[in-house]
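**Q** Under this note's numbering, think of the first position of the sequence shown as 1, with each following residue one higher.
By construction, the Cβ of each residue, glycine as well, lies at the ideal position given by its N, Cα and C atoms.
Submitted below is the structure of interest, expressed as structure tokens.
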Amino acid sequence: MFDLKGRVALVTGGSRGLGFGIAQGLAEAGCSVIVASRNFSEASEAAQRLKRDYEVEAMPLRCDVSNYEEVKNLMNTIEKELGKLDVVVNAAGINRRHPAEEFPIDEFRQVIEVNLFGTYYVCREAFRLLRKSDNPSIINIGSLTVEEVTMPNIAAYAASKGGVASLTKALAKEWGKYGIRVNAIAPGWYRTKMTEAVFSDPEKLDYMLRRIPLGRTGVPEDLKGVAVFLASEEARYVTGQIIFVDGGWTAN
């Protein structure tokens with residue numbers, strides 16, 4: 001079960017944080033991994049770690065997912081170099097925090113362009129390659145904000161992730177006839193570079209821990225199992241789902 005040998009996965013935002021944790025899980029299951037990041041140096045380092053630790057093929061590629069032309073070039077490179085693509089993980093994402101009434105318009109737009117437009121661009125351009133796969137799977141990254149806006153000052157992020165959740169369901173309905181499964185993972189509170197400011201606040205950290213039934217925040221490795229499941233043949237009848245991996249937060 002959950003054997004991904006012979007399959008190829010693209011992980012955007014795969015050089016660190018949750019994206020790299022998912023990339024590790026896919027590599028551990030035998031999958032070849034393309035690590036895409038705006039920072040090619042970080043992508044190269046992550047790909048080398050995957051090769052060394054899991055003895056799989058790993059390719060670093062530079063791509064800013066908010067730039068449609070770069071996404072098209074990314075897919076053209078994958079098609080030329082590898083000739084196939086089975087799994088897409090849209091883990092590239094950013095956040096900016098401001099009160100809604102003061103949110104700089106350019107920053108609000110940037111969050112939407114990376115998190116929502118970027119997810120759509122990658123799905124759109126991956127479509128032609130995924131149609132050739134015998135078990136194509138798209139895994140988007142949602143958020144707790146799909147269910148509950150957990151902190152103030154994240155209007156742009158909440159809007160973008162709500163869009164990702166709806167996009168996931170829309171694509172699942174449209175592309176099911178092609179056998180392309182589209183699901184989303186909604187992580188809870190995980191300590192990453194993007195959330196460091198929240199974790200550094202003792203009061204906010206205490207609030208989080210009191211709300212999580214399992215009594216701890218997440219680590220990127222906690223996403224490995226669900227990602228491998230969604231990428232595998234074992235999830236062949238699962239599509240259009242938002243799966244919360246949050247330590248029980250949404251059970252409250």
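1. Using the rule of at least 16 other Cβ atoms within 10 Å of the residue's Cβ for burial, across every protein chain shown, is K161 buried or exposed?
2. Tell me whether A253 sits in a helix, a strand or coil according to DSSP, three-state version.
3. May I ask you to report which of helix, strand or coil DSSP gives N135?
4. For the ligand MN, any of its heavy atoms closer than 6 Å to the Cβ of E102?
5. Can you tell me which residues form a DSSP beta bridge with N183?
6. Which same chain residues end up closer than 8 Å to A197 when comparing Cβ atoms and leaving out the 5 residues on each side of it in sequence?
7. Can the beta-carbon of A46 be found closer than 7 Å to that of V65?
8. What are the start and end residues of the alpha helix (DSSP H) that includes R210?
9. Alpha carbon to alpha carbon, what distance is there between L26 and N183?
10. Can you tell me which of the three DSSP states L50 falls into?
11. Is it true that the CB of S32 sits closer than 7 Å to the CB of V8?
**A** Inspection of the coordinates gives the following:
1. As a first step, residue 161 is located in the sequence shown; it is residue number 161 there, counting from the start. Counting Cβ neighbours within 10 Å, K161 comes out buried, since at least 16 surround it.
2. Only positions 1 to 252 of the chain appear in the structure, and residue 253 is not among them; the question remains open.
3. As a first step, residue 135 is located in the sequence shown; it is residue number 135 there, counting from the start. Taken through DSSP and simplified to helix, strand or coil, N135 comes out as coil.
4. Among the components modelled here there is no ligand, and therefore nothing to report on the ligand MN.
5. Looking up residue 183 in the sequence shown gives position 183. BP columns for N183 point to I139.
6. One-based indexing of the sequence shown puts residue 197 at position 197. Once the five neighbours on either side are set aside, the close Cβ partners of A197 are R97.
7. Counted from its first residue, the sequence shown places residue 46 at position 46. Counted from its first residue, the sequence shown places residue 65 at position 65. Taking 7 Å as the cut-off, the Cβ atoms of A46 and V65 do not count as close.
8. In the sequence shown, residue 210 corresponds to position 210, counting from 1. Taken as a continuous stretch (DSSP letters only), the alpha helix (DSSP H) holding R210 covers P202 to R211.
9. Taking the first residue of the sequence shown as 1, we reach residue 183 at position 183. Taking the first residue of the sequence shown as 1, we reach residue 26 at position 26. Going by the C-alpha atoms only, they are around 16 Å apart.
10. Working through the sequence shown from its first residue, we reach residue 50 at position 50. It is helical.
11. Looking up residue 8 in the sequence shown gives position 8. Looking up residue 32 in the sequence shown gives position 32. In this structure, S32 lies closer than 7 Å to V8 by Cβ.
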